[in-house]
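J.:
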Amino acid sequence: MSPARRPAAAPKSAAAPKSAAPKAKSPAAKSKPARARKQDPVAVARAWARSLEKKRPGLVDFVLDGLADAYGRPQWQPRLEPTSELILTILTANSADTGAEVAFGALRDRWPSAPTPKDASLEPRHFPGWGGIGLPDLPPPDWAAVETAPIPELTDIIRPGGLANQKAPRIQAALSALRANGGSYSLEFLREMPPLEAREWLAAIPGIGKKTASVVLMFSFDKPLMPVDRHVFRVSERIGLVPAGSDADAAHDYFLAMLRPEQAYQTHVSLITHGRKTCHAQKPDCDHCPVAPRCRYFDRKAQ
Ligand code: SF4
Numbered sequence: 017m018s019p020a021r022r023p024a025a026a027p028k029s030a031a032a033p034k035s036a037a038p039k040a041k042s043p044a045a046k047s048k049p050a051r052a053r054k055q056d057p058v059a060v061a062r063a064w065a066r067s068l069e070k071k072r073p074g075l076v077d078f079v080l081d082g083l084a085d086a087y088g089r090p091q092w093q094p095r096l097e098p099t100s101e102l103i104l105t106i107l108t109a110n111s112a113d114t115g116a117e118v119a120f121g122a123l124r125d126r127w128p129s130a131p132t133p134k135d136a137s138l139e140p141r142h143f144p145g146w147g148g149i150g151l152p153d154l155p156p157p158d159w160a161a162v163e164t165a166p167i168p169e170l171t172d173i174i175r176p177g178g179l180a181n182q183k184a185p186r187i188q189a190a191l192s193a194l195r196a197n198g199g200s201y202s203l204e205f206l207r208e209m210p211p212l213e214a215r216e217w218l219a220a221i222p223g224i225g226k227k228t229a230s231v232v233l234m235f236s237f238d239k240p241l242m243p244v245d246r247h248v249f250r251v252s253e254r255i256g257l258v259p260a261g262s263d264a265d266a267a268h269d270y271f272l273a274m275l276r277p278e279q280a281y282q283t284h285v286s287l288i289t290h291g292r293k294t295c296h297a298q299k300p301d302c303d304h305c306p307v308a309p310r311c312r313y314f315d316r317k318a319q
């Protein structure tokens with residue numbers, strides 16, 4: 017990895033000189049209540065995973081087997097090249113997947129990187145875990161042209177994806193960060209990086225969080241990460257896979273502590289599918305749910 021590709025390291029705090037004598041606390045400091053120590057989220061997640069396995073043994077396998085019986089066991093297959101995956105994921109934020117696909121297709125049409133190959137399949141290819149109808153196999157947009165496009169034009173082009181005023185600058189900022197940090201728009205170098213290091217690299221880009229970074233790395237490189245979107249979080253909180261009252265950001269750590277690496281892809285795709293088809297936000301269809309016998313929403317004493 018070239019130094020330019022390293023994510024910016026957090027500044028180290030200066031070490032105190034060894035010989036420095038400890039300062040006496042002022043009376044005011046003595047009377048102050050000790051500030052609560054911030055807990056390490058990874059340690060918290062590991063403790064949760066141990067406790068869950070002790071109190072509700074085999075829950076993860078039960079859920080995955082039940083969902084596999086209902087929807088099949090998804091196998092990883094490549095989707096888009098990673099930079100396209102990143103931009104498409106930005107386009108899906110708080111929007112329908114079908115709208116994001118239309119917006120992505122419009123980027124390809126407006127700023128093509130190459131003429132459409134004559135033998136290219138123009139039939140949309142549906143992606144596992146994806147709620148849209150798919151995209152045809154075509155070369156990605158010309159990222160340099162997208163990065164330097166006038167914002168009003170870019171906003172107009174991606175309008176079918178929703179929230180275009182927010183997403184246009186976010187897309188340009190992400191492309192600029194890729195070029196500045198990696199020297200090109202390609203994210204291929206992340207293939208060789210350990211999963212959490214790669215997630216950290218991507219999540220250091222403004223506007224990219226753990227979920228988007230995990231989506232790119234899981235779907236492009238089959239890295240064992242676990243993107244937690246609203247479906248995944250809703251279903252897993254109802255079942256009790258993650259603690260009640262936690263949030264989607266923390267759930268990324270809970271899942272990484274709970275899952276074996278080979279379970280990550282299936283867990284993500286199956287929980288999304290279940291959230292879309294059965295465990296709806298309003299009126300979940302618990303009577304036809306294979307997970308119901310161990311779901312805490314269905315039976316709050318379920319083991
Ligand atoms: S039992 Fe109901 S709430 Fe629980 S996972 Fe199934 S559909 Fe969702």
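First residue of the sequence shown? That's 17 in the numbering used here, and the numbers climb one at a time after it.
Glycine residues also receive a C-beta, built at the ideal position from the N, C-alpha and C atoms.
Exposed or buried, what is Ser-200 when buried is set at 16 or more other beta-carbons lying within 10 Å of its beta-carbon?
T.: Ser-200 comes out exposed.
J.: If I'm right that Trp-320 touches Thr-99 with Cβ under 8 Å, what's the distance once you round it to whole angstroms?
T.: Nothing can be reported for residue 320: it is not among the residues displayed for the chain, which extend from 17 to 319.
J.: State the Cα-Cα distance for the pair Glu-208 and Leu-272, rounded to the nearest angstrom.
T.: Distance between the alpha carbons of Glu-208 and Leu-272 is about 20 Å.
J.: Got a list of residues with beta-carbon closer than 7 Å to any non-hydrogen atom of ligand 1, in chain order?
T.: Having a Cβ closer than 7 Å to some heavy atom of ligand 1 are Val-251, Arg-254, Ile-255, His-290, Thr-294, Cys-295, Pro-300, Asp-301, Cys-302, Cys-305, Val-307, Ala-308, Cys-311, Tyr-313, Phe-314.
J.: Can at least three beta-carbon pairs, one atom from the segment 123-133 and one from the segment 266-284, be found at a separation below 8 Å?
T.: No, they do not touch.
J.: With distance defined between alpha-carbon atoms, name the residue in Asp-263, Glu-139, Glu-213, Ser-236 nearest to Arg-246.
T.: Arg-246 has its Cα closest to that of Asp-263, out of Asp-263, Glu-139, Glu-213, Ser-236.
J.: If you drop the 5 nearest sequence neighbours on each side, which residues of the same chain put their C-beta closer than 8 Å to that of Gly-177?
T.: These residues qualify, in order along the chain: Leu-107, Thr-108, Ser-111, Gly-115, Ala-116, Val-118, Ala-119, Phe-120, Lys-183.
J.: Any idea what DSSP makes of Leu-151, helix, strand or coil?
T.: Three-state result, Leu-151: strand.
J.: Does the count of Cβ pairs from the segment 289-307 and the segment 53-66 closer than 8 Å reach three?
T.: The segment 289-307, when compared against the segment 53-66, does not touch it at the 8 Å Cβ threshold.
J.: Can we say the segment 189-204 touches the segment 165-173, given the rule of at least three CB pairs closer than 8 Å?
T.: With a cut-off of 8 Å, the segment 165-173 and the segment 189-204 do not count as touching, because too few Cβ pairs lie within range.
J.: Taking the straight line between their C-alpha atoms, what separation do you get for Ser-230 and Phe-205?
T.: Distance between the alpha carbons of Ser-230 and Phe-205 is about 15 Å.
J.: Kindly indicate which residue of Arg-254, Ala-86, Arg-175 has the alpha-carbon position closest to the one of Lys-317.
T.: Per the Cα distances, Arg-254.
J.: Give the secondary structure of Arg-312 by DSSP, where H, G and I count as helix, E and B as strand, and everything else as coil.
T.: If DSSP states are grouped into helix, strand and coil, Arg-312 belongs with coil.
J.: Just the Cα atoms here: how many angstroms apart are Glu-213 and Cys-302?
T.: Approximately 39 Å between the Cα atoms of the pair.
J.: Starting from Gln-319, trace the alpha helix (DSSP H) in both directions and tell me its first and last residue.
T.: Note, Gln-319: premise wrong, no alpha helix (DSSP H); not H, not E.
J.: Leu-173 and Arg-126 look like a contact to me (Cβ under 8 Å); what is the Cβ gap, rounded to whole Å?
T.: With the sequence shown as reference, residue 173 is identified as Ile, and Leu is not the correct amino acid for it. Confirmed, Cβ separation roughly 5 Å.
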